[in-house]
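Worksheet for the structure shown next.
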Amino acid sequence: PARGKEVRLPYLDVMIPCQISVEAQATGEDEEESAGETSIAGMMYRINENEAVVRLGAKIDYGKDYALAFTIDDFNIKFTSRILAEKSVQDQNAFFVTFRFLDGTDVARNVLKRYIAEHLVDA
Numbered sequence: 315p316a317r318g319k320e321v322r323l324p325y326l327d328v329m330i331p332c333q334i335s336v337e338a339q340a341t342g343e344d345e346e347e348s349a350g351e352t353s354i355a356g357m358m359y360r361i362n363e364n365e366a367v368v369r370l371g372a373k374i375d376y377g378k379d380y381a382l383a384f385t386i387d388d389f390n391i392k393f394t395s396r397i398l399a400e401k402s403v404q405d406q407n408a409f410f411v412t413f414r415f416l417d418g419t420d421v422a423r424n425v426l427k428r429y430i431a432e433h434l435v436d437a
């Protein structure tokens with residue numbers, strides 16, 4: 315069977331404050347760690363239906379699932395996400411992290427889809 319063409323969804327340039335926190339592991343280990351769950355404030359710069367590029371002031375670890383929470387049109391959205399790529403800008407002490415959305419509610423996905431569709435037309 316022939317492989318389908320890869321579809322690259324366009325990114326929308328945004329400035330949306332967000333919060334990143336480590337998802338608690340289902341194994342029940344590290345309970346002490348998740349009890350003191352830390353969340354990092356970030357700024358989302360680019361977004362599409364499956365990914366977001368977020369600027370953080372601190373480095374975060376690969377290989378973990380993160381909760382990425384933000385608000386669009388007064389709707390609170392939270393996706394379980396994983397790091398796809400990271401680029402650091404040393405002189406600005408900034409880390410640009412690309413997250414892939416793994417899971418979120420259908421309602422959250424629809425709000426995001428509508429928001430992107432409305433704003434891509436303006437771009």
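Just add 314 to wherever you are in the sequence shown, counting from 1, and you've got my numbering.
Cβ coordinates follow ideal geometry from the N, Cα and C atoms, glycine included.
#### Entry: Nonlocal neighbours in the same chain, by C-beta distance under 7 Å from His433, ignoring five residues either side
Apart from the 5 residues on each side of it in sequence, His433 sits with its Cβ closer than 7 Å to the Cβ of Leu326 in its chain, given in chain order.
#### Entry: Status (buried if at least 16 other CB within 10 Å, exposed otherwise) for Met329
Burial call: exposed.
### Query
Under the rule that 16 or more other beta-carbon atoms within 10 Å means buried, what is Glu345, buried or exposed?
Because the pLDDT at Glu345 is just 44, under 50, the model does not fix this residue reliably, and the value given afterwards should be weighed accordingly. Its Cβ having fewer than 16 others within 10 Å, Glu345 is exposed.
#### Entry: Minimum C-alpha distance to Pro331 - residue among Arg423, Glu363 and Gly371
For the residues Arg423, Glu363 and Gly371, the minimum Cα distance to Pro331 belongs to Gly371.
### Query
Would a C-beta distance cut-off of 8 Å place Phe393 and Gly356 closer than the cut-off?
No, they are not a contact pair.
### Query
Helix, strand or coil: which one does DSSP assign to Leu416?
Secondary structure of Leu416 (DSSP, three-state): strand.
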